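Please read the structure below before turning to the comments.
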Amino acid sequence: MAVEKILRTEKLKMEHEVNTALEDIRVLDLAGQSGVYCTKLLADLGADVIRIEPPDGDPMRQLAPFYHDEPGPERSLYYWHFNTSKRGITLNLTIPTGQEIFKKLVNTADILVETFQPGYLDSLGLNHEILRAINPRLIHVSITGFGQAGPYSCFKSTDLIGQAMSGILYTTGFPEDPPTSLGASQAYHMVSANAAIGALIALQYRDLIGNGQNVDIPMQGTNLRMSEMVPFTYWVSGRNRQRSGLEYYRMQRDNFDCKDGRVICSALGGGGAEQMLNWMESEGMAGDLRDEKYVDVIAAMMGAAPPGRGSKRNVNQRPPKSLKDYPDEIPHIEEVWQTFLNTHTMEELFVGAQTRGVRLMPVNNVKNVVEDIGLKERNYFVDVSHPELERIFTYPGAPYRLSETPWRISRRAPLIGEHNLEIYGEELGYGLNEIEEMKKAGTI
Amino acid sequence: MPLEGIRVADFAWVQAGPWVGRFFANYGAEVIRIESAKRLDWSRSVPGGPEITAGGKVQRGAYFVNFNCDKLGITLNLSLPKGIEIAKKLIAISDIVTDNFTAGYMDRIGLGYQELVKVKPDIIMVEMPVFGNTGPRRTFAGYGTGIQSAIGLNSISGMPYRRPGLNIALPDMGPNPTHATIAVLAALHHRSKTGRGQYIELAQLESSLGWMETTIIDYTVNGRVRKPQGNRIPHASPHGVYRCSGEDSWCAICVSTETEWKSLCEAIGNPSLATDIRYSTLSKRKENEDELDRLVENWTTIRSRWEVMNILQSHDVPAGVVETGEDLVTRDENYRSYEYYIELPYRDGRAYCENTMLGFSDTPCRVRHAAPEMGQHNDYVYGELLGMSEDEIVQCYVEEVFS
Numbered sequence: 363m364a365v366e367k368i369l370r371t372e373k374l375k376m377e378h379e380v381n382t383a384l385e386d387i388r389v390l391d392l393a394g395q396s397g398v399y400c401t402k403l404l405a406d407l408g409a410d411v412i413r414i415e416p417p418d419g420d421p422m423r424q425l426a427p428f429y430h431d432e433p434g435p436e437r438s439l440y441y442w443h444f445n446t447s448k449r450g451i452t453l454n455l456t457i458p459t460g461q462e463i464f465k466k467l468v469n470t471a472d473i474l475v476e477t478f479q480p481g482y483l484d485s486l487g488l489n490h491e492i493l494r495a496i497n498p499r500l501i502h503v504s505i506t507g508f509g510q511a512g513p514y515s516c517f518k519s520t521d522l523i524g525q526a527m528s529g530i531l532y533t534t535g536f537p538e539d540p541p542t543s544l545g546a547s548q549a550y551h552m553v554s555a556n557a558a559i560g561a562l563i564a565l566q567y568r569d570l571i572g573n574g575q576n577v578d579i580p581m582q583g584t585n586l587r588m589s590e591m592v593p594f595t596y597w598v599s600g601r602n603r604q605r606s607g608l609e610y611y612r613m614q615r616d617n618f619d620c621k622d623g624r625v626i627c628s629a630l631g632g633g634g635a636e637q638m639l640n641w642m643e644s645e646g647m648a649g650d651l652r653d654e655k656y657v658d659v660i661a662a663m664m665g666a667a668p669p670g671r672g673s674k675r676n677v678n679q680r681p682p683k684s685l686k687d688y689p690d691e692i693p694h695i696e697e698v699w700q701t702f703l704n705t706h707t708m709e710e711l712f713v714g715a716q717t718r719g720v721r722l723m724p725v726n727n728v729k730n731v732v733e734d735i736g737l738k739e740r741n742y743f744v745d746v747s748h749p750e751l752e753r754i755f756t757y758p759g760a761p762y763r764l765s766e767t768p769w770r771i772s773r774r775a776p777l778i779g780e781h782n783l784e785i786y787g788e789e790l791g792y793g794l795n796e797i798e799e800m801k802k803a804g805t806i
Numbered sequence: 033m034p035l036e037g038i039r040v041a042d043f044a045w046v047q048a049g050p051w052v053g054r055f056f057a058n059y060g061a062e063v064i065r066i067e068s069a070k071r072l073d074w075s076r077s078v079p080g081g082p083e084i085t086a087g088g089k090v091q092r093g094a095y096f097v098n099f100n101c102d103k104l105g106i107t108l109n110l111s112l113p114k115g116i117e118i119a120k121k122l123i124a125i126s127d128i129v130t131d132n133f134t135a136g137y138m139d140r141i142g143l144g145y146q147e148l149v150k151v152k153p154d155i156i157m158v159e160m161p162v163f164g165n166t167g168p169r170r171t172f173a174g175y176g177t178g179i180q181s182a183i184g185l186n187s188i189s190g191m192p193y194r195r196p197g198l199n200i201a202l203p204d205m206g207p208n209p210t211h212a213t214i215a216v217l218a219a220l221h222h223r224s225k226t227g228r229g230q231y232i233e234l235a236q237l238e239s240s241l242g243w244m245e246t247t248i249i250d251y252t253v254n255g256r257v258r259k260p261q262g263n264r265i266p267h268a269s270p271h272g273v274y275r276c277s278g279e280d281s282w283c284a285i286c287v288s289t290e291t292e293w294k295s296l297c298e299a300i301g302n303p304s305l306a307t308d309i310r311y312s313t314l315s316k317r318k319e320n321e322d323e324l325d326r327l328v329e330n331w332t333t334i335r336s337r338w339e340v341m342n343i344l345q346s347h348d349v350p351a352g353v354v355e356t357g358e359d360l361v362t363r364d365e366n367y368r369s370y371e372y373y374i375e376l377p378y379r380d381g382r383a384y385c386e387n388t389m390l391g392f393s394d395t396p397c398r399v400r401h402a403a404p405e406m407g408q409h410n411d412y413v414y415g416e417l418l419g420m421s422e423d424e425i426v427q428c429y430v431e432e433v434f435s
């Protein structure tokens, strides 16, 4: 086994001529939507991730959006995005011949990631104890909605339910609307990223001690972090944190229009009000805000915002007076600020404020993001080749840049059964006839 | 504990950075948080943030207490040359260095990666400059609320008729601390194979973009600029948040398959609905979604949110209470059973901290103690670990090196 592994690693090295951090690690990927980002993270760090699909294809291939909006199992952008750098095989886990092959794969694997309801693998005769007996070094990561053993362990979950039952959903949106979710399946990303941490912590332990283990990753628990201490606020004060629309914790509005869109920044740049007032004055746009009567309120606004480079607050200073003491002045200040913002574009305000030390940010849509000169200059986006379509597409790039073992997308998502011959034939040693038989029997 | 034997010199502050160290501390690493009163951590003093009760009164700093559980704490003044010299001694006996200062700050004070490898050749260093160390935005900075709007998350979240805005700071809690932790753990594995450390640059903007799902390729491949869709998604219906009995009371219901659709119809006592021509397929249900949502809400609105969840889940239909803080702390059985938050002694009172969430079968870990006071472990770190004499330590206090 060890020799095979070294050969595999050497082969990968020759192919790509770069070291990757996890190139010696094989991952079996049985993850649904809640875990598929976990295995993408491992694959793009170089692990040999083998995605195992049912013979008729993964249900995830039915998820929109599709290439040119035409549905088809090889056209799901959802599948493409989350399965980069992986190899793919088909295998029917519900029949004994499939289970035997799976056990052989487990014997070659370092990590197994699955998102089944608790008890499902047991019903297939593939529970953790059995897998561990086959391979004591196996790290078995189980992602579920509510954990393996708790009172809700048999409940089904989704991204929206993950957000609902961790306190995020109740607090996002406007008070007069129903609770409103975050886009782009944040709950799935959160549990997946935590699962990758769990897998790698277990790997660190295995590198030292030698044993694998089971890692139980609940979506509800891991998502509590994203709710920013909703339970905590209740515990301390007996109050429920409420939906507050555009106002963040500090009770200041920080979402304003500008010439061609919107920006995020509290009025006058909060802690950087001095710098922004100078800028506004230089363009004759500061109105009467330099009058004596605004000195105190602007000082309070500077203290109420998070301390940027412009802030003078430190441990020895008294906290500022509350903004609630200035019900008349604040709307006027916001009006002058708005008039100034209307004369500039998002990019002008972003660059102008940031170069003055004020942390203003644009409210981008995806077009703004893809065209952003900062991201372009850093070559953030990557091109991924889809040879069967004779096309190259632009994908989101590295979430982190490792100097010795760079992140990379080594290939587009696998087609259905694309690596059956490579893995069943070359690696597990089944003959071509046997593989044909397995296909006929519906095993693969 | 799985990370025993790993030492982290944690220079990070505010939120996204300290959570990297917290992962390591919670699972057994010795994490030494370096602070200075000269540059006080925002999370110790944030006005308007959550507070703690101690000394019989409400105090600021609850964020800090939660973000730095299980760590050791020392004070060190990095604006003095002697502070830098001592920082290097600590780094020389550490495995990992973390910080989230603006780009180039550690280089300017003499603690850049090139300097650190001189005292510890296999050090793993992670830095989290918002826009990265290079490029036209490298001197810019920002917070989670701004980063999530710059990556376009605001533009795809919320009700279609509202201004795009989110009243949380997701990047600080989600992608950035988790990605940084993943990168460091991967680098540790590489080090255990090769003996080599490395430098990790996590540009928070780029890291957060990794959580935009298909938003980016839907644009680059299909040219679509996605807009907010409320609680709806393309491949499920009904899918949303439904009003239940009681004030501001809601339950999420998500039907993704035909089996779940049939089960929902049975659960709400209307099995014939399943074959109703208006709702018999996903595309039909998407066409008539407003009407369908009203039908579902007619059933939920006269039941409590817990009743709705329990009835639907007993029929294998994914449903979940939209929980308030009070729901989590007092009503959610799973939350209590797993002790997702834990009460810990803090000063002369108690603190309430997020517990560990990763369940390791062979090396179980729970949060052990609340965050350190400023300089609480100066004696241990400077005396025992770095072997400084009592005189040297006193001298450092006099010279404000430890302030």
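Protein sequence lines correspond, in order, to chains G and C.
Take any residue in the first sequence, note its place counting from 1, add 362, and you have its number in this note's numbering.
Take any residue in the second sequence, note its place counting from 1, add 32, and you have its number in this note's numbering.
Heads up, the beta-carbon is just placed ideally off N, CA and C, and yes, glycines get one too.
Treat the numbers as computed from the prediction; the structure is a model and nothing was measured.
query                                                                                                                         : result
Spatial distance of residue 754 of chain G from residue 96 of chain C (CA atoms)                                              : 46 Å
Beta carbon proximity, residue 591 of chain G to chain C, threshold 9 Å                                                       : yes
Beta-carbon proximity list for residue 498 of chain G, same chain, < 7 Å, skipping 5 on both sides                            : 573, 574
Test: residue 326 of chain C CB closer than 9 Å to a CB of chain G                                                            : no
Contact set for residue 300 of chain C: own chain, Cβ-Cβ below 6 Å, skip 5 residues either direction                          : 331
CA-to-CA distance, residue 218 of chain C to residue 126 of chain C, given in whole angstroms                                 : 17 Å
Interfacial residues, the segment 365-387 of chain C to chain G, with Cβ spacing under 9 Å                                    : 365, 366, 367, 368, 369, 370, 372, 373, 375, 384, 385, 386, 387
Contact test: residue 647 of chain G Cβ vs the ligand MN heavy atom, cutoff 8 Å                                               : Here there are no bound small molecules, and the ligand MN is not part of this structure.
Buried or exposed (CB count within 10 angstroms, at least 16 for buried), residue 650 of chain G                              : exposed
Cross-chain neighbours of residue 714 of chain G in chain C, by beta carbon under 9 Å                                         : Under the 9 Å cutoff, chain C gives no residues; its nearest Cβ is about 11 Å from residue 714 of chain G.
Status (buried if at least 16 other CB within 10 Å, exposed otherwise) for residue 412 of chain C                             : exposed
Short CB-CB distance (under 9 Å) between residue 94 of chain C and chain G                                                    : yes
Interface flag, residue 621 of chain G vs chain C, CB-CB below 9 Å                                                            : no
Helix, strand or coil at residue 393 of chain C [DSSP, three-state]                                                           : coil
Extent of the continuous beta strand (DSSP E) run through residue 475 of chain G                                              : 473-476
Element boundaries [beta strand (DSSP E), containing residue 283 of chain C]                                                  : 282-286
Within chain G, partners of residue 206 of chain C - CB distance below 7 Å                                                    : 548, 551, 552, 588
Closer than 7 Å at the beta carbon, the chain C residues around residue 603 of chain G                                        : 357
Secondary structure, alpha helix (DSSP H): runs of 4+ residues fully inside the segment 199-246 of chain C                    : 202-205, 207-226, 236-241
Buried/exposed call for residue 551 of chain G, threshold 16 Cβ in 10 Å                                                       : buried
Short CB-CB distance (under 9 Å) between residue 380 of chain G and chain C                                                   : no
Within chain G, partners of residue 230 of chain C - CB distance below 8 Å                                                    : 764, 765, 766, 767
Contact set between the segment 571-582 of chain G and chain C, restricted to residues whose Cβ is under 9 Å from the partner : 571, 573, 574, 575, 576, 577, 578, 579, 580, 582
Simplified DSSP state of residue 407 of chain C, which is helix, strand or coil                                               : coil
Residues of the segment 259-277 of chain C whose Cβ lies closer than 9 Å to any Cβ of chain G, in chain order                 : 259, 260, 261, 262, 263, 265, 266, 267, 268, 271, 272, 273, 274, 275
Interface partners of residue 221 of chain C on chain G, CB under 8 Å                                                         : 383, 384, 387, 562, 565, 566, 569
Residues bridged to residue 382 of chain C [DSSP beta-bridge criterion]                                                       : C:377
Residues near residue 676 of chain G in its chain [Cβ-Cβ closer than 6 Å; skip 5 each side]                                   : Since pLDDT at residue 676 of chain G reaches only 43, below the 50 mark, its modelled position is unreliable, and the value read off the structure follows with that caveat. Nothing meets the Cβ criterion.
Where the segment 112-139 of chain C meets chain G: residues whose CB sits under 7 Å from a CB there                          : none
Contacts that residue 163 of chain C makes with chain G (C-beta to C-beta distance below 7 Å)                                 : 736
Interface flag, residue 424 of chain G vs chain C, CB-CB below 9 Å                                                            : yes
Cβ-based neighbour list, residue 814 of chain G, same chain, cut-off 7 Å, excluding 5 preceding and 5 following               : Missing from the structure shown is residue 814 of chain G; chain G here goes from 363 to 806 and no further.
Local conformation of residue 620 of chain G per DSSP, three classes                                                          : strand
Contact set between residue 184 of chain C and chain B, taken where Cβ atoms lie within less than 8 Å                         : The chain labelled as chain B is not found among the protein chains of the depicted structure, namely G and C.
Chain G contacts made by the segment 47-70 of chain C, where a contact means CB separation under 7 Å                          : 55, 59, 69
Cross-strand partners of residue 781 of chain G (DSSP beta bridge)                                                            : Per DSSP, none; premise fails for residue 781 of chain G.
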